[in-house]
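Asker:
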Amino acid sequence: MATHCKDYEFLQIEPYWQTYWSDHQSFRAASDSTKPKYYVLDMFPYPSGSGLHVGHPEGYTATDIIARYKRAKGFEVLHPIGWDAFGLPAEQHAVKTGTHPASNTQNNISKFRQQIKSLGFSYDWDREIDTTDPRYLRWTQWIFLQLFKRGLAYVDERPVWWCPELRTVLANEEIVDGKSEVGGFPVERRNLRQWVLRITAYAERLLADLKEVDWPESTKRMQEAWIGRSEGAELLFGLEAANLGDLKVFTTRPDTIFGVTYMVLAPEHPLVAALTLPAMRAAVDDYRRKASGKSDLERTDLAKDKSGVFTGSFAINPANGARVPIWVADYVVMGYGTGAIMAVPAHDERDYEFAVRYQLPIIQVIEPEVGSVNGTGSHELPFLGEGNLVHSDGYTGLPWQIAKKKITEDLAAKQRGRATVNYKLRDWLFSRQRYWGEPFPVLWISSEDYQRCAAAGLSALPATPVTYRDAASQTEWFALPLPEQSLPLVLPDVQSYLPSGSGESPLANVTDWLEVWYDVKTGATIPASQPRPDSGEWIRGRRETNTMPQWAGSCWYYLRFTDPKNEQAFASPRALEYWGVPDLYVGGAEHAVLHLLYARFWHKVLFDEGLVGQSEPFRKLFHQGIILGEDGEKMSKSRGNVVNPDAIIASHGTDTLRLYLMFLGPLEAMKPWNPRGIEGVHRFLHRVWRLALGADGEGNPKIKPDTQEPATLEKLLHETIKKVSEDIETLRFNTAISQMMVLSNAMQDAPQLRTSTVRTLLQLLAPFAPHLAEELWARLGGQGSIGAVPWPVADTAKLVSTELKIIMQVNGKHRGEFFVPVGTLQDGAFQTVQEDPKLSSHLANKTIKRVIYVPGKILNIVVE
RNA sequence: GCCCCCGUGGCGGAAUGGUAGACGCUGAGGACUUAAAAUCCUUUGCCUGAAAAGGCGUGCCGGUUCGAGUCCGGCCGGGGGCACCA
């Protein structure tokens, strides 16, 4: 038990206790425990080639403190770690070196694992998972099949960002300032066949259920904004060319319909060609060509300078029969609403700007209420505020909200519109043309074969088949899900990791994997190059060459941790029932929208399937802040301000690193690294060492099992127990540490110390600096691991004082202080002041107007 | 442009509307030492003052209150998110 070093030799002590914990399985999370459970989760890392930087241990230390604290509080704690190991860098490395991305990935994982282990976190390493492991990705594929079955996955030609340099498709979020996020290469638009997940079907619930979670308000707001719900109406405008039918627009302001002076179609709108008159054709075609060549970025760059062309056609306003010109302009986008708008320049900034530029009429139909708080009566346009309708036959005088409802209803009654809700949230582009990702467990088969499979009821098929038409061969393909028993579908080896230049992944070149005979009875496949077997029901199929994006594995990993080795299910109902979902989830704010939204979506699908018991995956969420470099800038290799945790562990020990990371400031704050500050906490740990042990390495002689301590120290001890406990619960670790410093300073000054006092300090310190705490605990005769000892409880009887310090103020200014017995009333306190010549001197020659007494705190005397 | 968060000593930061600056770093002085490191003690917001004490002070301006770093309004500065979403 324990090392024998006389000094604080952290390089001996830390590995010793890490081995001890590992040997004793100190952090094993038992699923059959009778204790209440606590599940605390870190956002698992992508094991990059550059290894850990100090930002990683910041969040991990926080959760480790919570985990160790909750164990001491009697909880069965699940505190796992794993690897979000699919990712573009590994694939790029493979392209460069020709080695399989799995080998590079495993090297990186080993490095991360070793680094994380040296930090002494109390993870249950038996539950380590790796998203690229076939035993894991099998269930990622399985969950995809559940989405597929429910009609939440489909295939569509989508204009996607194509990066010629990376030879891959990028998601919007992988593009920064019009360049690829990785490498900074130029990107362009290309239409490619993509898998898309119908997250929009869950938009309403994803929005509504934000009310149920304990998350940072800013994160909830970001998700709300991302989902972007807006209530309005779809309205039908007739067309002068009646044979073309109606023009459908979406608007949030049906109440302004009498102010419509023109219509705008997005350049990609399907009616543009038909509505363009011959005289306008050249200009419109030219405009559309230019618009299609523009990236989204260029379009937004030109936001200040709106442009458009007139088609020559007119629409008919369903409210008043007015003839309205139809324009094409790229400030209207095809992807939102109907891709067409009614323009009301008097009450919309964008329409106003456009109308001014092209000298289109502007009709005001909302007027601010004169004399009201909001309304000044001024008619400056565009007017976006509250008000009543004007120039709106039959509605004039109505407040706009009422008019909005009424006009929508009236148009609906005439079959000219209906109230609708629109979302900014788009369906989720769920495929990548890459090698290093989960293959889709789907086969493309012919229409006839699909009909046969459907008739035989052999697979769980969606209500509507997922199909696509191959442009070259004009064949329609049907997506057949693989049966559960043939999962996992693993990646085949490839000759080259370079994408096939056509936009398909390298998998398109692996003919024997790609083109197969498939036995619908057994789910078996053999290469199509072999003869079709005689027995069984073999059909021809082509595998999907797309792979899933990196998000897939991280959408459900928190569930796998509850039962990571299960081969029958993604997790057993029993494990899911006991562990449920994380009680606390800690990770960076950079995942505030996408990862958290995607995971919530999948979780809700699993909830709808009856597979999980909660509608939300992450009840409580916390974002740790970013640690900046010494220079106050973001840490980056190019700036040369990166702090490597390995170096700190070697020079100061991991307990010091952990403590310092928590002492820097509030966990959520962005804060710079200060190499001198670390000496302060290191000194603190040295002081604790010397407090416990003498120079000989034996117990400090001033510690006695039963000795008299000053009452003030006893009180401070219990105050510290209370504050440290509360601060851990609220993740305010910096103030918890400073309180322990206050206590240890007082203990250092005390001539005698009770053994129990020292032990309690060690217990409070144990979640923060576990190695040192274990060592000193053992040296002072403690039994077993300090982490297993029940957490100390503050004795409230020890917290009360008999005497209170009262601040004396005159007109709110601090003028002195005095002591009174507990329970002293205002008169008593005032009398004390009057009897004290020094205090009462402040009242000389003054008229006392009022006295305010806050018992135990303030006596404020208001004088004239 | 819109939405959100944040501005406190030389530095990181602390403060249920109630002593602003806890705790730590840095600096200064001292003890120990042949010397240095380490350690320990004192001190460290600014101004006046020998001291006692007093005045000023939480980005700026105003307000509410007996009392404001904290609440309200307006500005200035920094950070994050969204970005023609009709």
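If you want the numbering used here, it's the position in the first sequence, counting the first as 1, plus 186. Just so it is clear, CB atoms sit at the ideal spot from N, CA and C, and this is done for glycine as well. Remember, predicted model here, so these are calculated numbers, not experimental data.
Which of the three DSSP states, helix, strand or coil, is assigned to Y194?
Answerer: In the first sequence, residue 194 corresponds to position 8, counting from 1. Coil, per DSSP.
Asker: For Q810 and P402, I'd like the C-alpha separation in whole angstroms.
Answerer: Start at 1 with the first residue of the first sequence, and residue 810 comes out as number 624. Start at 1 with the first residue of the first sequence, and residue 402 comes out as number 216. One C-alpha to the other measures close to 11 Å.
Asker: The alpha helix (DSSP H) that contains R746, what's its start and end?
Answerer: On the first sequence, position 560 is the one that residue 746 refers to. Looking at the DSSP string, the run of the alpha helix (DSSP H) that includes R746 is Y743 to R746.
Asker: Excluding the five sequence neighbours on either side, which residues of its own chain have a C-beta within less than 6 Å of the C-beta of T462, listed in chain order?
Answerer: Start at 1 with the first residue of the first sequence, and residue 462 comes out as number 276. These residues qualify, in order along the chain: V470 and T497.
Asker: For K592 and A505, what's the separation of their Cα atoms in angstroms?
Answerer: Here residue 592 corresponds to residue number 406 of the first sequence, with the count starting at 1. Here residue 505 corresponds to residue number 319 of the first sequence, with the count starting at 1. So the alpha carbons of these two residues sit roughly 12 Å apart.
Asker: For V1051, which residues of its own chain have a beta-carbon under 6 Å away from its beta-carbon, when the five flanking residues on both sides are left out?
Answerer: The chain is shown from 187 up to 1050; residue 1051 falls before or after that span and cannot be answered.
Asker: Roughly how many whole angstroms lie between the Cα atoms of S564 and P554?
Answerer: Taking the first sequence and counting its residues from 1, one reaches residue 564 at position 378. Taking the first sequence and counting its residues from 1, one reaches residue 554 at position 368. For S564, the pLDDT reaches just 48, beneath the cut-off of 50, and the residue's location in the model is therefore unreliable, leaving the point undetermined.
Asker: What runs of the alpha helix (DSSP H), each 4 residues or longer, lie entirely inside the segment 942-978?
Answerer: Secondary structure within the segment 942-978: the alpha helix (DSSP H) runs of 4 or more consecutive residues, fully enclosed, are 956-965 (chain order).
Asker: With DSSP as the reference, please indicate the residues paired to I1038 in a beta bridge.
Answerer: Working through the first sequence from its first residue, we reach residue 1038 at position 852. In the DSSP output, where bridge partners are listed per residue, I1038 has N1046.
Asker: Reducing DSSP to helix, strand and coil, say where P345 ends up.
Answerer: One-based indexing of the first sequence puts residue 345 at position 159. Note: P345 maps to strand in three-state DSSP.
Asker: Taking only runs of the beta strand (DSSP E) that begin and end inside the segment 358-431, which ones reach a length of at least 3 residues, in chain order?
Answerer: Here the runs fully enclosed are 374-383 and 416-425.
Asker: Under 8 Å, with one C-beta from each stretch per pair, do the segment 874-890 and the segment 955-962 reach the 3-pair mark?
Answerer: yes
Asker: For the candidate residues G967, A216, E595 and V355, whose alpha-carbon lies nearest to that of A419?
Answerer: Along the first sequence, read from residue 1 onward, the residue named residue 419 stands at position 233. Comparing Cα-Cα distances from A419 to each of G967, A216, E595 and V355, the minimum goes to E595.
Asker: Taking the beta carbon of T1010 as the centre, do at least 16 other beta carbons fall within 10 Å, making it buried, or is it exposed?
Answerer: As a first step, residue 1010 must be located in the first sequence, where it is residue number 824. Burial call: buried.
Asker: Can you tell me whether DSSP reads V772 as helix, strand or coil?
Answerer: As a working mapping, residue 772 is identified with position 586 in the first sequence. It is a strand residue.
Asker: Could you tell me whether the Cβ atoms of V142 and W348 are closer together than 9 Å?
Answerer: Residue 142 is absent from the structure shown; the chain starts at 187 and stops at 1050.
Asker: Can you tell which of T946, L1029, L352 and L677 has the C-alpha that lies nearest to the C-alpha of G370?
Answerer: Position 184 of the first sequence, counted from the start, is the residue given in the question as residue 370. L352 is the residue among T946, L1029, L352 and L677 whose C-alpha sits nearest the C-alpha of G370.
Asker: For the candidate residues M734, W703 and W737, whose alpha-carbon lies nearest to that of S721?
Answerer: Position 535 of the first sequence, counting from 1, holds the residue named residue 721. It is W703.
Asker: Report the rounded CA-to-CA distance for L611 versus G851, giving the unit in angstroms.
Answerer: Position 425 of the first sequence holds residue 611. Position 665 of the first sequence holds residue 851. Using only the alpha carbons, I get a separation of about 36 Å.
Asker: Note down the Cα distance separating M520 from R862, rounded to an integer number of angstroms.
Answerer: Counted from its first residue, the first sequence places residue 520 at position 334. Counted from its first residue, the first sequence places residue 862 at position 676. Whole-angstrom Cα-Cα distance: 56 Å.
Asker: If you run the structure through DSSP and keep just helix, strand and coil, what is W622?
Answerer: Position 436 of the first sequence, counting from 1, holds the residue named residue 622. Coil.
Asker: Which value, in whole angstroms, describes the spacing of the CA atoms of K192 and Y683?
Answerer: Looking up residue 192 in the first sequence gives position 6. Looking up residue 683 in the first sequence gives position 497. Each residue's alpha carbon lies about 56 Å from the other.
Asker: Unbroken beta strand (DSSP E) runs of length 3 or more, entirely within the segment 432-511: which are they?
Answerer: 432-437, 448-451 and 494-502, all fully within the segment 432-511.
Asker: Should A526 be labelled buried (16 or more other beta-carbon atoms within 10 Å of its own) or exposed?
Answerer: In the first sequence, the residue the question calls residue 526 occupies position 340. Counting other Cβ atoms within 10 Å of its Cβ, A526 reaches 16 or more and is therefore classed as buried.
Asker: Ends of the alpha helix (DSSP H) at N293?
Answerer: In the first sequence, residue 293 corresponds to position 107, counting from 1. Looking at the DSSP string, the run of the alpha helix (DSSP H) that includes N293 is P287 to S304.
Asker: Skipping 5 residues on each side, what residues in its chain have a beta carbon closer than 7 Å to that of A649?
Answerer: Here residue 649 refers to the residue found at position 463 when the first sequence is read from its first residue. Only G337 meet the Cβ criterion.
Asker: Please confirm whether L451 and F436 have their CB atoms less than 9 Å apart.
Answerer: Stepping through the first sequence from its first residue, residue 451 is reached at position 265. Stepping through the first sequence from its first residue, residue 436 is reached at position 250. Their beta carbons are not under 9 Å apart, which means L451 does not touch F436 by this criterion.
Asker: Evaluate F1005 with the Cβ neighbour count: other Cβ atoms within 10 Å of its Cβ, from every protein chain shown; 16 or more gives buried, anything less gives exposed.
Answerer: For the purposes of this step, residue 1005 is taken as residue 819 along the first sequence, with counting starting at 1. By the Cβ neighbour-count rule, F1005 is exposed, with fewer than 16 other Cβ atoms within 10 Å of its own.
Asker: Hey, out of W788, K888 and L780, whose CA is closest to R940's CA?
Answerer: Working through the first sequence from its first residue, we reach residue 940 at position 754. Nearest option by C-alpha distance: K888.
Asker: Let me check one thing: in DSSP terms, what residues is D316 bridge-paired to?
Answerer: Numbered from 1 along the first sequence, position 130 holds the residue referred to as residue 316. Paired residues: W269.
Asker: If you run the structure through DSSP and keep just helix, strand and coil, what is P713?
Answerer: The sequence position of residue 713 within the first sequence is 527, counting from 1. Three-state DSSP puts P713 in a strand.
Asker: In chain order, what residues of the same chain have a beta carbon less than 6 Å from the beta carbon of R313, not counting five sequence neighbours either side?
Answerer: Start at 1 with the first residue of the first sequence, and residue 313 comes out as number 127. P266, F747 and P750, listed in sequence order.
Asker: Do V680 and M408 have their CB atoms nearer than 9 Å?
Answerer: Taking the first sequence and counting its residues from 1, one reaches residue 680 at position 494. Taking the first sequence and counting its residues from 1, one reaches residue 408 at position 222. Result no, Cβ atoms of V680 and M408 do not sit closer than 9 Å.
Asker: When the Cα atoms are used, what is the spatial distance from I834 to K297?
Answerer: The count along the first sequence starts at 1 and reaches residue 834 at position 648. The count along the first sequence starts at 1 and reaches residue 297 at position 111. About 17 Å.
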